[in-house]
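Chemist: Protein chains in written order, with our numbering: chain A, 1 to 264; chain B, 1001 to 1351. A virtual CB, placed ideally from N, CA and C, is assigned to each residue, including glycine. All figures in this text were calculated on a predicted structure; none of them were measured in a lab.
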Ligand SMILES: Nc1ncnc2c1ncn2[C@@H]1O[C@H](COP(=O)(O)OP(=O)(O)OP(=O)(O)O)[C@@H](O)[C@H]1O
Ligand SMILES: [Mg+2]
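Written out as structure tokens, the structure is:
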């Protein structure tokens, strides 16, 4: 019994050590290495912020970051405003339509990106085709598979039917019911879906480049061809901002949960 | 908000039916609930109680039939315009709102000013004795407290009709009887027309003005508890309400023979052959015999003012009797006794 216990804890520890080593060599080591490298002076003597100042002085850095943030925020909001009512409706009525919607939401993962980009663009009204805002709709589409699942899980974890019926019989309209009861109850799922869409949109390269728009990812590719140290500084910058964003979202959703009084 | 300020409503269902595909959940239900009356709908699982309540609340649509509140047709009125207070079987408090905010919810939906809202919330909290929990969230409350808040929330909007769908079934026995009495007190205090659904006959009999026993989507009988208990119209009602002995016997013409006494059969005219006579425990008299009687005592349980005596007849039937304790103190297990029925009329069922 005691030796069994020791064996299993030994096993556990060796797995943890192995995973840590693997993570370290494959993930943390390259990050550290490139961070160090990005601070090196060209020519290799001493350290400075020169690559980062180069980055900030590149034409297009701030505009492309701005565009990406703006489009990603819009995509997140549009996605949620479309999907929350849809998912509530599907789950509340126990619709036979649900598998169909599920299937449609999976399609963006299955359809080759090129066909998706060209096909969906043709379907868009021409006034949209000529602005960068058309990307918002593409970002919404590629976010669908993830939003669907995240919201579905969140809605299935609450007693949706009873909450809706309680709210309705107390005299609330559908809109009030969704905003005051359902959204707060699935806040975690919504934050998750919002973040997923946001992250996907921020990092989207293929469609953007196919349609010739400049966002941060497409700008990065062009800019990094000019300066190798600058390119590394760029990747460190992207990495650190992604981590910072993730941490912020995690913090916010925790705080939200505490306000709602949900035990974590 | 007290009885004087409000006008109680009449609730009427006329021939209400509801089909779910091939299943007939309600089959022409007729029911009138008088102003200020508490009517319980009692019946076995699946008999359509919840469906009836949900149709009244507007959460389900009747396949046919009509619904009236104060004589006004309500079939087409949307759920959020009906002014019905509903308490659900499962916990239904809004998890992101605290107790006060939950109670306030219906008032906000009605665009009632904040001063008036605060006043009403305070009244409601006092009514269900939860003033100390005003700022607690639902997950910080016990099941009983949650259902009391749900009741307060339903009452805050001064509903025309209060609808309760087995609000106590998730609670343990002691809390259940306590909240049951509280519901009755509040209902009487406010004089609110109430429809209460339950499958617990004791619950129905103790707090209702009238009890409707349902079976297969219809009302089998609706009456005051005393009549339902003492004068059930059918064997179904008799079996469902209170404890019942099924005494095997032979019927001939319109009488049956129970423990050597001929008793008139109240139902099913002209039954013959083997039947069960339905006799309440308190209608059976157990007396000691010097010689051999018609039964033997198995156990006697002291219940306070009365005692329960379980006997077995010579034919093997187990009979339960309920007698005043002071008359049955000399009855001991294993003794021979004589059983008697103190009835002039009896219901029988075929076996
Ligand atoms: N949404 C639905 N879809 C299909 N059938 C339903 C639906 N709701 C109820 N039924 C059926 O209608 C019948 C009556 O159901 P109802 O919920 O009214 O019973 P009940 O008397 O409340 O039972 P219980 O005591 O178990 O709550 C049952 O046979 C049930 O299976
Ligand atoms: Mg039910």
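1. Give the DSSP bridge partners of residue 1085 of chain B, in chain order.
2. Compare the C-beta of residue 171 of chain A with all C-beta atoms of chain B and state if any pair is closer than 8 Å.
3. If we cut at 8 Å on Cβ distances, does residue 84 of chain A have a partner in chain B?
4. Counting only Cβ pairs nearer than 7 Å, list the residues of chain B close to residue 181 of chain A.
5. Which residues bound the beta strand (DSSP E) around residue 1265 of chain B?
6. Within 8 Å of any Cβ in chain A, is that where the Cβ of residue 1011 of chain B sits?
7. For a test of your reading of the model: does the CB of residue 1064 of chain B fall under 7 Å from any non-hydrogen atom of ligand 4? Yes or no.
8. What distance in whole Å lies between the Cβ atoms of residue 1338 of chain B and residue 1289 of chain B, which are believed to be in contact at a cut-off of 8 Å?
9. Rounded to the nearest angstrom, what separates residue 1086 of chain B and residue 103 of chain A at their Cα positions?
10. Should residue 1212 of chain B be listed as close to ligand 1, given that the test is whether its C-beta is under 7 Å from any heavy atom?
11. Of all the CB atoms in chain A, is at least one closer than 8 Å to the CB of residue 1153 of chain B?
12. Does ligand 2 have even one heavy atom less than 7 Å from the beta-carbon of residue 1024 of chain B?
13. For the beta strand (DSSP E) holding residue 211 of chain A, just list the boundary residues, first then last.
14. Less than 8 Å separating the beta-carbons of residue 1106 of chain B and residue 1057 of chain B?
15. Identify, in the order they occur along the chain, each residue of the same chain with its Cβ nearer than 6 Å to the Cβ of residue 209 of chain A, setting aside the five sequence neighbours on each side.
16. When the distance is taken between beta carbons, is residue 1213 of chain B closer than 8 Å to residue 1220 of chain B?
17. For the beta strand (DSSP E) that residue 1323 of chain B lies in, which residues bound it at each end?
18. Check whether the Cβ of residue 1003 of chain B lies closer than 8 Å to any Cβ atom in chain A.
19. Find out if the Cβ-Cβ distance for the pair residue 71 of chain A, residue 129 of chain A is shorter than 8 Å.
20. Hey, could you find the ends of the beta strand (DSSP E) residue 1296 of chain B is sitting in?
21. From B:1159, B:1225 and B:1165, pick the residue whose C-alpha is nearest to that of residue 1191 of chain B; which is it?
22. Closer than 7 Å to a non-hydrogen atom of ligand 2 - does that hold for the CB of residue 1200 of chain B?
23. In three-state terms, what does DSSP make of residue 1307 of chain B?
24. By DSSP's criteria, residue 1017 of chain B is part of a beta bridge. Which residues make up the other side?
25. Assuming residue 93 of chain A is part of the alpha helix (DSSP H), what are its boundary residues?
26. Closer than 8 Å, Cβ to any Cβ of chain B: which residues of the region 139 to 167 of chain A, in chain order?
27. Measuring from each Cβ to the nearest heavy atom of ligand 2, keep the ones under 7 Å and list them in chain order.
Modeler: Taking the coordinates as given:
1. Translated into the one-based positions of the second chain, residue 1085 of chain B becomes position 85. Paired residues: B:1162.
2. Along the first chain, read from residue 1 onward, the residue named residue 171 of chain A stands at position 171. Interface residue, yes.
3. On the first chain, position 84 is the one that residue 84 of chain A refers to. For residue 84 of chain A, the answer is no, since every Cβ of chain B falls outside 8 Å of its Cβ.
4. Position 181 of the first chain, counted from the first residue, corresponds to residue 181 of chain A. Within 7 Å Cβ-Cβ: 1094.
5. What you label residue 1265 of chain B is simply residue 265 of the second chain in a count that begins at 1. Start and end: 1261 to 1265.
6. By 1-based counting over the second chain, the position of residue 1011 of chain B is 11. So, not an interface residue.
7. Because ligand 4 does not appear in the structure shown, any question about it cannot be addressed here, the ligands present being ligand 1 and ligand 2.
8. Counting from 1 along the second chain, the entry for residue 1289 of chain B is found at position 289. Counting from 1 along the second chain, the entry for residue 1338 of chain B is found at position 338. Residue 1289 of chain B to residue 1338 of chain B, Cβ: 5 Å. Contact.
9. Walking along the second chain from the start, residue 1086 of chain B turns up at place 86. Walking along the first chain from the start, residue 103 of chain A turns up at place 103. Rounded to the nearest angstrom, the two C-alpha atoms are 37 Å apart.
10. As a position in the second chain, residue 1212 of chain B is number 212, starting the count at 1. False, no ligand heavy atom lies under 7 Å from that Cβ.
11. Your numbering for residue 1153 of chain B matches position 153 in the second chain. Yes, because at least one Cβ of chain A sits closer than 8 Å to the Cβ of residue 1153 of chain B.
12. Along the second chain, read from residue 1 onward, the residue named residue 1024 of chain B stands at position 24. Checking the Cβ of residue 1024 of chain B against ligand 2 gives no.
13. Within the first chain, the letter at position 211 stands for residue 211 of chain A. Taken as a continuous stretch (DSSP letters only), residue 211 of chain A belongs to no beta strand (DSSP E), as it is neither H nor E.
14. Within the second chain, residue 1106 of chain B is the residue found at index 106, counting from 1. Within the second chain, residue 1057 of chain B is the residue found at index 57, counting from 1. For residue 1106 of chain B and residue 1057 of chain B, no; Cβs fall outside 8 Å.
15. Numbered from 1 along the first chain, position 209 holds the residue referred to as residue 209 of chain A. Excluding positions up to five away in sequence, the list reads 218.
16. Residue 1220 of chain B sits at position 220 when you count from the first residue of the second chain. Residue 1213 of chain B sits at position 213 when you count from the first residue of the second chain. Their beta carbons are under 8 Å apart, which means residue 1220 of chain B touches residue 1213 of chain B by this criterion.
17. For the purposes of this step, residue 1323 of chain B is identified with residue 323 of the second chain, where counting begins at 1. Unbroken beta strand (DSSP E) run through residue 1323 of chain B: 1318 to 1324.
18. Counting from 1 along the second chain, the entry for residue 1003 of chain B is found at position 3. Residue confidence for residue 1003 of chain B is low, a pLDDT of 46 falling below 50, so the modelled location carries little weight and cannot support an answer.
19. Your numbering for residue 71 of chain A matches position 71 in the first chain. Your numbering for residue 129 of chain A matches position 129 in the first chain. Contact flag unset, no.
20. One-based indexing of the second chain puts residue 1296 of chain B at position 296. Taken as a continuous stretch (DSSP letters only), the beta strand (DSSP E) holding residue 1296 of chain B covers 1295 to 1302.
21. The residue given as residue 1191 of chain B occupies position 191 in the second chain. The shortest C-alpha separation from residue 1191 of chain B is found at B:1159.
22. As a working note, residue 1200 of chain B is residue 200 in the second chain. Checking the Cβ of residue 1200 of chain B against ligand 2 gives no.
23. Position 307 of the second chain, counted from the start, is the residue given in the question as residue 1307 of chain B. Three-state result, residue 1307 of chain B: strand.
24. Along the second chain, one-based indexing puts residue 1017 of chain B at 17. B:1064, per the DSSP bridge assignment.
25. As a first step, residue 93 of chain A is located in the first chain; it is residue number 93 there, counting from the start. Here the alpha helix (DSSP H) through residue 93 of chain A covers 61 to 93.
26. 158, 159, 162, 163, 165, 166 and 167
27. B:1049, B:1050, B:1089, B:1165, B:1166 and B:1197
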